[in-house]
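Worksheet for the structure shown next.
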Amino acid sequence: MTAILIVLFGMTALVLSAQQTDGRTEYAWGSYYNPGNLILGASARLDTGNGYFGLATSPSAELIYAKPTGPIDLGAQLVSRVGFALTGPDAPGVGLGVGLLATGRLGFRGFDLVPFEELQRLDLYAGLGVAFDLARYPAEQTGGLPLSFVGRAGVAYYLNNRMSVFFGTTQWNQTTGAEIGLRYRMGSTPVVTGGLAELATATQASIYLGSYFFAVPIPFVDTWYHDYSTYEVGQGTVWEFTTTDYEDVVRVERAVVARDASGAEWRSYRWVVPSEDQTDLTGDELYFELRVNADGSWDRMRFVDLFSGRPAEYIFEPGARDAEVMTLLEQEALQGTDPEEQGFRVESRGRVRHTVDAGTYDAERFAIVDVSDSPEDFEIEFYLADDAPGRLIRTIMTGTEDGEPYRFEGQLVRITTGNGRRF
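Each position in the sequence shown, counted from 1, maps to that position plus 195 in this note's numbering.
Take a look at the structure:
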């Protein structure tokens, strides 16, 4: 799950990295370059290949011509090479050449995620092109042709906004070398505001909430008829779900871990899927804590930041509430006076003694039945017990989709005590 979150965040950061302010482009995550920048450089290198060992120096000039997104830049580089053979059958000897490369760069300015702040001065680069050897010694000849392949790659570290030191490798004809050099950048500098850490927090919060509240069939026990006011502080419930579509058992653990005088409370949510061998419920875990105001609106949530491993907090816009994330029907619609307009009806099916893994309860049984014209019908059955935390003890959803029957079922398997806040 962590890998998925990182990929989703990276995609989000790239998409949202640029914004227009007063006619200029600002980047939350960017680089040191704008189109039109000229970068002058020089390097010293140790070259080897085919029994050859020598020194080389490579002056260069690079023009940045495109910026697809904040941290990515494309350019063209003109590079020369003066090589001095130190050992080998042709030593001493001198090689002269010039090359033209297409280059790409990835910057990390504004990358203020903990613990990666030091990456902000780094610049990864790579280039690929052709070289023309003006004067060669025999060890470098390739079939007598003056044209050859040239490639460069490495990392630059910016000492300030203009000057950088770089370390990398260069492949030129039949020689490969490790190099160190300096570059000086000329031209304008893009505006990078940072704030990527805030973006990461908001992105992760939405992923945590989306993963939980949009997971079928979790909404059927968390947004319909689940009454948190019946929980004592520290009390929690453990639910398990099975479906006809997946072999996995999903475990959902919820608890009220704190309340204050205003009526607001902290709720904890833990969602666990099985281990790969299906022997226990110790696989991927999603855990967060949500502070809910007395009117039901969300105040803030806390979770483990996947980049730093430290607690993170996200504060919601005023009025955010769980009714906004219901996947099928709004809670208010269930209490409407004309359910036929909603495409369903609510049926009372009396009171029964009903047993779940957590115990036997005197429960009210009722169902939401699809009465729409859709061929894909459904029915959701609920069992409510006044003496169970949350009141809901079982929910069963059955129906058809694409002509195939399906069944989602969840039940209360355990009541827990002594739950507290992790953050």
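Built from N, CA and C at the ideal position, the CB exists for glycine as well.
V499 is positioned such that its CB atom lies no closer than 7 Å to that of F539.
When only Cα atoms are considered, D422 and V447 end up about 16 Å apart. At a cut-off of 3 residues, the continuous stretches assigned as beta strand (DSSP E) that sit fully inside the segment 419-457 are 431-438, 445-454. Of the candidates S343, F344, S359, S359 places its Cα closest to the Cα of V350. Using a Cβ distance threshold of 7 Å, R449 and Y464 count as a contacting pair.
Note that the C-beta distance between E484 and F603 is not below 7 Å.
Contact annotation, V551 with R589: C-beta distance approximately 6 Å; criterion of less than 8 Å satisfied.
Ranking Y320, L291, G246, Q315 by CA distance to the CA of A297 puts Y320 first.
In this model, F502 and V387 are separated by some 21 Å (Cα to Cα). Non-local C-beta neighbours of A489 in its own chain, meaning closer than 7 Å and more than five positions away in sequence, comprise S457, G458, A459, ordered along the chain.
DSSP places A251 in the strand class (E or B) of the three-state scheme. DSSP, reduced to helix, strand and coil, places T388 outside both helices and strands of the structure shown, so it counts as coil. Residue M592 holds the alpha-carbon nearest to the alpha-carbon of T439 among M592, V277, Q606. DSSP, reduced to helix, strand and coil, places Y320 within a strand of the structure shown.
When I259, Y227, A223, L281 are compared, the shortest CA-CA separation from L250 is found for L281. In the three-state reduction of the DSSP assignment, T396 falls in the helix class, which pools H, G and I.
Non-local beta-carbon contacts of G390 in its own chain, meaning distances under 8 Å to residues more than five positions away in sequence, involve A223, G305, D307 in chain order.
With a 10 Å radius around the Cβ and a threshold of 16 neighbouring Cβ atoms, M381 comes out exposed. Shortest Cα-Cα distance from L354 to any of S255, G288, Y227 involves Y227. The continuous beta strand (DSSP E) containing L233 extends over residues 233-244.
For W224, there is no enclosing beta strand (DSSP E), since its DSSP letter is neither H nor E.
Inclusion of T365 and G376 in the CB contact set at 7 Å is not warranted, their separation being larger than that value. In this structure, R560 is the residue among R560, S406, G302 with its C-alpha nearest to the C-alpha of V547. Three or more beta-carbon pairs drawn from the segment 250-268 and the segment 227-240 are found closer than 8 Å, and the two stretches are therefore classed as touching. For F573, the enclosing beta strand (DSSP E) stretches over residues 573-579. For L269, the enclosing beta strand (DSSP E) has its first and last residue at 267-282.
In this structure the segment 264-274 does not lie against the segment 393-410, because fewer than three pairs of beta carbons, one per stretch, are closer than 8 Å.
V293 places its beta carbon 7 Å or farther from that of G324.
Approximately 7 Å separates the beta-carbon atoms of Y556 and D582; this is inside 8 Å, confirming the contact. Taken through DSSP and simplified to helix, strand or coil, G504 comes out as coil. By the CB criterion at 7 Å, Y426 and V451 fall inside the cutoff.
Counting only residues of its own chain and dropping the five nearest sequence neighbours on each side, A453 has a CB closer than 7 Å to the CB of V428, E460, W461, R616.
By the CB criterion at 7 Å, V608 and V467 fall outside the cutoff.
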